[in-house]
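A.B. asks:
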Amino acid sequence: EEVGAIFFNGSKEMLTPLGKHLAKIPVHVKLGKMLIFGALFKCVDSILTVAASLSSKSPFSTHIDNATQAATAHRSFLHP
19 EEVGAIFFNG SKEMLTPLGK HLAKIPVHVK LGKMLIFGAL FKCVDSILTV AASLSSKSPF
79 STHIDNATQA ATAHRSFLHP
């Protein structure tokens, strides 16, 4: 509903044309919508770059379980 992929026909949920296309793409709905609109507006290269960066985990974030290991690795890059 948030991205315009479904509508209600009485009490029944129905897919919009956008929703039918999004259902075929194996990515998060918002990324899929971005990819579809990128194709429509002929800016696929830029949109693919943005979508790829949004769909991957940041290399600068650490998991709380690995905080000690990350701190040790960071210390090895310190300037003497």
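Numbering of the sequence shown is given in the numbering used here, commencing with residue 19 and proceeding in unit increments. Backbone N, C-alpha and C fix where the C-beta goes; we use that ideal spot for every residue, glycine too.
1. Please state whether the Cβ-Cβ distance between Leu40 and Lys51 is less than 8 Å.
2. Short check: CB of Leu58 to CB of Leu72, under 8 Å?
3. Classify Gly37 as buried or exposed, calling it buried when 16 or more other Cβ atoms lie within 10 Å of its own Cβ.
4. Under the three-state reduction of DSSP, which class applies to Ile65: helix, strand or coil?
5. Alpha carbon to alpha carbon, how far is Arg93 from Ser79?
6. Does the beta-carbon distance from Val21 to Val45 come in below 8 Å?
7. Quick one: is Leu96 buried, meaning 16 or more other Cβ sit within 10 Å of its Cβ, or exposed?
C.D. replies: Well, looking at it:
1. Position 22 of the sequence shown, counting from 1, holds the residue named residue 40. Position 33 of the sequence shown, counting from 1, holds the residue named residue 51. Yes, they are a contact pair.
2. Within the sequence shown, numbered from 1, the residue matching residue 58 stands at position 40. Within the sequence shown, numbered from 1, the residue matching residue 72 stands at position 54. No, they are not a contact pair.
3. Against the sequence shown, residue 37 aligns to sequence position 19. Answer is buried; the Cβ neighbour count reaches 16.
4. The residue labelled residue 65 in the question sits at position 47 within the sequence shown. Correct three-state label for Ile65: helix.
5. On the sequence shown, position 75 is the one that residue 93 refers to. On the sequence shown, position 61 is the one that residue 79 refers to. Looking at the two C-alpha atoms, the distance is approximately 16 Å.
6. Walking along the sequence shown from the start, residue 21 turns up at place 3. Walking along the sequence shown from the start, residue 45 turns up at place 27. It is not a contact, given that the beta carbons lie outside the stated cut-off.
7. As a first step, residue 96 is located in the sequence shown; it is residue number 78 there, counting from the start. With fewer than 16 other Cβ atoms within 10 Å, it is exposed.
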